[in-house]
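Just so we're aligned, residue 0 is where the sequence shown starts under numbering that gives the first Met the number 0, counting upward by one.
For reference, the structure is listed below as structure tokens.
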Amino acid sequence: MWKTDQNGQITDELLAIIDWQVLMEGSPMFDLARSLATCTPKEIRNEAEKFIVDYYLENLTKEMTNGFTVPYTKKQLQDCYNYGLIHQAFGFLVSGLFFVEGLENSDKDKNEKIDAIAQRCRGLIEDADVLLSGDFKYLYEKYGQ
0 MWKTDQNGQI TDELLAIIDW QVLMEGSPMF DLARSLATCT PKEIRNEAEK
50 FIVDYYLENL TKEMTNGFTV PYTKKQLQDC YNYGLIHQAF GFLVSGLFFV
100 EGLENSDKDK NEKIDAIAQR CRGLIEDADV LLSGDFKYLY EKYGQ
């Protein structure tokens, strides 16, 4: 996207780059799961998970006006978040490798960054395992064999 000047004419100055590679129609909970899974360590993600669905639903309810109501329940939001987290857990195993590959050998923090990525992968897989052993066991039984 290009910036425009005061007359609304397009300039050659870059305004933004939009990355369409993960674009899809779906629940905001899936986006939230992706953000928390890829951008936070397990401990911070787990703390956010204690309140984030309630917080989202509370604020969405406040924003719904003119006779509109929230089209889903807290359980539906939580389930969608959990589906997203399971998806991200396995996806991050691959994307985490790309992050590692992108690190420069000259990066003085390379080993710490690799460790952080590995810990994030481990935490995601551990949490996905809890879900796939519990409320989402039917997914494992259907697709995990």
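Glycine is no exception: its CB is placed at the ideal position from the N, C-alpha and C atoms.
Three-state class that DSSP yields for residue i in the structure shown
| i | result |
| --- | --- |
| E24 | coil |
| E103 | coil |
| L14 | coil |
| K2 | strand |
Whether residue i touches residue j by CB criterion (8 Å)
| i | j | result |
| --- | --- | --- |
| R33 | Q87 | yes |
| A36 | L123 | yes |
Nearest-angstrom beta carbon gap, residue j and residue i [assumed within contact, 8 Å]
| i | j | result |
| --- | --- | --- |
| Q77 | V52 | 5 Å |
| I116 | V99 | 6 Å |
| L22 | W1 | With 8 Å as the limit, L22 and W1 do not qualify as a contact, their Cβ atoms being about 20 Å apart. |
Residue environment, residue i, which counts as buried when at least 16 other CB atoms sit within 10 Å
| i | result |
| --- | --- |
| C79 | buried |
| M28 | buried |
| F50 | exposed |
| N104 | exposed |
| D106 | exposed |
8 Å Cβ cutoff, residue i in contact with chain E
| i | result |
| --- | --- |
| G133 | As a matter of chain content, chain E is missing from the structure shown, which is built from one protein chain. |
Note to self: Under 8 Å: do the segment 65 to 74 and the segment 93 to 112 share three or more Cβ pairs, one atom per stretch?
What the structure shows: Touching, no, given that fewer than three Cβ pairs across the two stretches are closer than 8 Å.
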